[in-house]
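K.L.:
Numbering (full-length UniProt numbering), first residue to last: 1 to 354.
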Amino acid sequence: MAGRRRQSADTTGQTVLRFLLGGVAGTVAKTVTAPLDLTKIRFQVSQSPVSVRLVLEHVVTTARRSGVGALWQGNGAAAIRVFPYAAVQLATNDLLTARLLRYRQDAAALSGATGSAATLTALDRVVAGAGAGVVSVLATYPLDLVRARMAVQPSRPSPEAVKRGLAYSGPAQALLQIGRAEGIAGLFRGAPATVVGIIPYSATSFGVFSSLKASLRRRTGREPTTLERMGCGALAGLLGQTAGYPLDVVRRRQQTGYFLREAEGVSSSSVNDWHQRVQLPAAGSALRAGTASPHQGMLSTLRSIVAAEGWRALWKGVSINWFKGPIAVATSFAVFDALKQAAGLADGDQASRR
Numbered sequence: 001m002a003g004r005r006r007q008s009a010d011t012t013g014q015t016v017l018r019f020l021l022g023g024v025a026g027t028v029a030k031t032v033t034a035p036l037d038l039t040k041i042r043f044q045v046s047q048s049p050v051s052v053r054l055v056l057e058h059v060v061t062t063a064r065r066s067g068v069g070a071l072w073q074g075n076g077a078a079a080i081r082v083f084p085y086a087a088v089q090l091a092t093n094d095l096l097t098a099r100l101l102r103y104r105q106d107a108a109a110l111s112g113a114t115g116s117a118a119t120l121t122a123l124d125r126v127v128a129g130a131g132a133g134v135v136s137v138l139a140t141y142p143l144d145l146v147r148a149r150m151a152v153q154p155s156r157p158s159p160e161a162v163k164r165g166l167a168y169s170g171p172a173q174a175l176l177q178i179g180r181a182e183g184i185a186g187l188f189r190g191a192p193a194t195v196v197g198i199i200p201y202s203a204t205s206f207g208v209f210s211s212l213k214a215s216l217r218r219r220t221g222r223e224p225t226t227l228e229r230m231g232c233g234a235l236a237g238l239l240g241q242t243a244g245y246p247l248d249v250v251r252r253r254q255q256t257g258y259f260l261r262e263a264e265g266v267s268s269s270s271v272n273d274w275h276q277r278v279q280l281p282a283a284g285s286a287l288r289a290g291t292a293s294p295h296q297g298m299l300s301t302l303r304s305i306v307a308a309e310g311w312r313a314l315w316k317g318v319s320i321n322w323f324k325g326p327i328a329v330a331t332s333f334a335v336f337d338a339l340k341q342a343a344g345l346a347d348g349d350q351a352s353r354r
């Protein structure tokens, strides 16, 4: 009995450690790519076209007007959100992968085969990744909403703007303000699009990453190096970001639509000043057709975007993601794996073999 209790305590401790290490890895990755993420969100919620020249021009203009630190605007909210998000996502994927592997081993043993020889299928890896994505999104969604809104507000909002609900002074104040003005439902505005979109993203990124690592182990007979893990993560991130991107545009429009439309209710001069200070591409264009109204659902928002801007608008900013996504996923996965190795923790698809 004591042995069982000791084993359970060890398992619980390892699980908690996985969550903590996942949070650290996610926070590092998010901070590295924060300027690109900020720029992407601003283009997503505007009707401005996207090009390398315009992206670079926007980054330079933001840094010149508000300082280099403005490129990390909203990163505090992002870090507060991404630590629990990454912790839940990365650790849940490991736990689901280990559970599925044990199921395969038990099934093999019942059929008379050697349980230790059982391996995960590609579908197993996809299911584990999708499950991890959905759980992590639902657990941290309100903070993602706050991060998006803080990305499209002035970098130094005035007390009057904060008082009138046109800007937020920080993540905690934003959560309280949104809850008061829009209700609990407002804190989950755009959540359906996020949940639906995270399934192909997480399924693809985690599935590809774990499959590539498993392939490297079979080919080389050793654990992948850090550089190899980053390469696997970069490819996984590129494919994953592309798979669910249209719904990422939809969720950003839903998250910021109510916020931007509220600014439309103030005087014209105030609106112009607000947009100049926030430095939205094509200032003010987000307030026209294509912006989600407070009560629009996922499909109606998608139709509004297509009707106003065409199908290409659903891929607005994807080129930024093709650069940002591989860096973020490679960093997150590689840091997580490195921390697990340092802590003596096995990958989910290796844990049950020990």
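The beta carbon of each residue, even a glycine, is placed where N, CA and C say it ideally should be.
Pick out the complete alpha helix (DSSP H) segments inside the segment 293–340, 4 residues or longer, and give them in chain order.
P.N.:
Fully enclosed alpha helix (DSSP H) runs of 4 or longer: 298–309.
K.L.:
Within the continuous alpha helix (DSSP H) that includes E160, where are the two ends?
P.N.:
Mapped onto the sequence shown, residue 160 falls at position 160. P159 to K163 is the extent of the alpha helix (DSSP H) around E160.
K.L.:
Can you find the residues in the same chain that come closer than 8 Å, C-beta to C-beta, to G179, ignoring five residues on each side of it along the sequence?
P.N.:
Residue 179 sits at position 179 when you count from the first residue of the sequence shown. Excluding sequence neighbours, G179 sits near G186 and L187.
K.L.:
What span of residues does the alpha helix (DSSP H) with residue 376 cover, start to end?
P.N.:
Past the edges of the chain, shown from 1 to 354, lies residue 376, and the structure says nothing about it.
K.L.:
Hey, how far is the Cα of T11 from the Cα of T119?
P.N.:
As a position in the sequence shown, residue 11 is number 11, starting the count at 1. As a position in the sequence shown, residue 119 is number 119, starting the count at 1. Going from the Cα of T11 to the Cα of T119 covers about 22 Å.
K.L.:
Find out if the Cβ-Cβ distance for the pair V329, G244 is shorter than 8 Å.
P.N.:
To locate residue 329, count along the sequence shown from 1; it is residue 329. To locate residue 244, count along the sequence shown from 1; it is residue 244. No; because the gap between Cβ atoms is not below 8 Å, this pair is not in contact.
K.L.:
Could you please give the first and the last residue of the uninterrupted alpha helix (DSSP H) stretch that includes G67?
P.N.:
The residue you call residue 67 lines up with position 67 of the sequence shown. Segment: none, G67 is in no alpha helix (DSSP H) and carries neither H nor E.
K.L.:
In or out: D144 buried (at least 16 other Cβ within 10 Å) or exposed?
P.N.:
For the purposes of this step, residue 144 is taken as the residue at position 144 of the sequence shown. Buried, by the Cβ-count rule.
K.L.:
Counting beta carbon pairs with one atom in the segment 47–59 and one in the segment 89–99, are three or more of them shorter than 8 Å?
P.N.:
No: fewer than three Cβ pairs fall under 8 Å.
K.L.:
Excluding the 5 residues flanking R312 on each side, which residues of the same chain have their C-beta closer than 7 Å to its C-beta?
P.N.:
Residue numbering aside, residue 312 sits at position 312 when the sequence shown is read from its first letter. Answer for R312: no residue qualifies.
K.L.:
With DSSP collapsed to three states, give me the class of A289.
P.N.:
By one-based count along the sequence shown, residue 289 stands at place 289. Note that A289 scores 43 on pLDDT, short of 50, meaning its location in the model is unreliable; the coordinates nonetheless yield the value given after this. Correct three-state label for A289: coil.
K.L.:
Report all residues from its chain with a CB closer than 7 Å to the CB of Q177; omit the five preceding and five following residues, and keep chain order.
P.N.:
Numbered from 1 along the sequence shown, position 177 holds the residue referred to as residue 177. Here the set comprises G165 and Y168.
K.L.:
Provide the residue span of the alpha helix (DSSP H) that contains E228, from first to last.
P.N.:
Mapped onto the sequence shown, residue 228 falls at position 228. Looking at the DSSP string, the run of the alpha helix (DSSP H) that includes E228 is T226 to A243.
K.L.:
In the segment 92–116, which residue ranges form an unbroken beta strand (DSSP E) of at least 3 residues, counting only runs that do not cross its ends?
P.N.:
Counting only runs of 3 or more, we get nothing.
K.L.:
Using only the alpha-carbon positions, how far apart do A334 and G183 sit?
P.N.:
The residue you call residue 334 lines up with position 334 of the sequence shown. The residue you call residue 183 lines up with position 183 of the sequence shown. Roughly 39 Å between the two C-alpha positions.
K.L.:
So, helix, strand or coil for Q153, using DSSP?
P.N.:
The residue given as residue 153 occupies position 153 in the sequence shown. Q153: coil per DSSP, three-state reduction.
K.L.:
In its own chain, which residues sit with a C-beta less than 7 Å from the C-beta of S267, not counting the 5 before and 5 after it?
P.N.:
For the purposes of this step, residue 267 is taken as residue 267 along the sequence shown, with counting starting at 1. Per-residue confidence for S267 stands at a pLDDT of 39, beneath the threshold of 50, marking its modelled position as unreliable; no derived number is given.
K.L.:
Let me confirm a value: Q254 is counted as buried when at least 16 other C-beta atoms fall within 10 Å, else exposed. Which label applies?
P.N.:
Within the sequence shown, residue 254 is the residue found at index 254, counting from 1. By the 10 Å Cβ count, Q254 comes out buried.
K.L.:
In the structure shown, what three-state DSSP assignment does E223 receive?
P.N.:
Within the sequence shown, numbered from 1, the residue matching residue 223 stands at position 223. Here E223 sits in coil by DSSP.
K.L.:
Would you call V52 buried or exposed, if buried means 16 or more other Cβ atoms sit within 10 Å of its Cβ?
P.N.:
The residue labelled residue 52 in the question sits at position 52 within the sequence shown. Per the 10 Å Cβ criterion, exposed.
K.L.:
For Q14, name the three-state secondary structure that DSSP assigns.
P.N.:
Locating residue 14 in the sequence shown gives position 14, counting from the first residue. DSSP places Q14 in helix when its eight states are reduced to three.
K.L.:
What is the rounded straight-line gap between the Cα of G129 and the Cα of D347?
P.N.:
Numbered from its first residue, the sequence shown carries residue 129 at position 129. Numbered from its first residue, the sequence shown carries residue 347 at position 347. In a straight line, the C-alpha of G129 is about 14 Å away from that of D347.
K.L.:
Tell me the rounded alpha-carbon separation between T121 and A307.
P.N.:
Along the sequence shown, read from residue 1 onward, the residue named residue 121 stands at position 121. Along the sequence shown, read from residue 1 onward, the residue named residue 307 stands at position 307. Whole-angstrom Cα-Cα distance: 41 Å.
K.L.:
Do you know offhand how far R222's Cα is from E228's?
P.N.:
Stepping through the sequence shown from its first residue, residue 222 is reached at position 222. Stepping through the sequence shown from its first residue, residue 228 is reached at position 228. Looking at the two C-alpha atoms, the distance is approximately 12 Å.
K.L.:
Can you tell me the Cα-Cα spacing of G74 and P35, whole angstroms?
P.N.:
Position 74 of the sequence shown, counting from 1, holds the residue named residue 74. Position 35 of the sequence shown, counting from 1, holds the residue named residue 35. Cα to Cα, G74 sits roughly 10 Å from P35.
K.L.:
Of all the options R18, P159 and Q47, which has the alpha carbon lying nearest to the alpha carbon of A98?
P.N.:
In the sequence shown, counting from the first residue as 1, residue 98 sits at position 98. Checked all of R18, P159 and Q47; the closest Cα to A98 is R18.
K.L.:
Threshold first: 4 residues or longer. Then list the alpha helix (DSSP H) segments lying entirely within the UniProt repeat "Solcar" (120–215), N to C.
P.N.:
The UniProt repeat "Solcar" (120–215) contains these whole alpha helix (DSSP H) runs: 122–151, 159–163 and 171–186.
K.L.:
Could you name the residues of the same chain whose beta carbon sits closer than 7 Å to that of V162, not counting the 5 residues immediately before and after it, in chain order?
P.N.:
Within the sequence shown, the letter at position 162 stands for residue 162. Result list for V162: Y168 and S169, in chain order.
K.L.:
For A148, I'd like the list of residues in its chain whose CB is within less than 7 Å of its CB, leaving aside the five on either flank, ordered along the chain.
P.N.:
Taking the sequence shown and counting its residues from 1, the one referred to as residue 148 is at position 148. Correct list, in chain order: I41, R252, Q255 and T256.
K.L.:
With DSSP as the reference, label A34 as helix, strand or coil.
P.N.:
The count along the sequence shown starts at 1 and reaches residue 34 at position 34. In this structure, A34 counts as helix in the three-state DSSP scheme.
K.L.:
Return helix, strand or coil for A346, following the three-state DSSP convention.
P.N.:
In the sequence shown, residue 346 corresponds to position 346, counting from 1. A346: coil per DSSP, three-state reduction.
K.L.:
In chain order, what residues of the same chain lie with their CB nearer than 7 Å to the CB of A338, ignoring the 5 residues before and after it?
P.N.:
Counted from its first residue, the sequence shown places residue 338 at position 338. Closer than 7 Å at Cβ, skipping near neighbours: T226.
K.L.:
Could you tell me which of L175, A87, K30 and S304 sits nearest to L71, measuring between CA atoms?
P.N.:
Working through the sequence shown from its first residue, we reach residue 71 at position 71. The shortest C-alpha separation from L71 is found at K30.
K.L.:
Can you tell which of G69, R102 and L138 has its C-alpha closest to the C-alpha of P154?
P.N.:
Locating residue 154 in the sequence shown gives position 154, where the first residue counts as 1. Closest option to P154, Cα to Cα, is G69.
K.L.:
When DSSP labels each residue in this structure, what does A77 get in the three-state scheme?
P.N.:
The residue labelled residue 77 in the question sits at position 77 within the sequence shown. Reduced to three states, the DSSP call for A77 is helix.
K.L.:
At the level of alpha carbons, what is the spacing between A342 and T220?
P.N.:
For the purposes of this step, residue 342 is identified with residue 342 of the sequence shown, where counting begins at 1. For the purposes of this step, residue 220 is identified with residue 220 of the sequence shown, where counting begins at 1. Those two C-alpha atoms are separated by around 21 Å.
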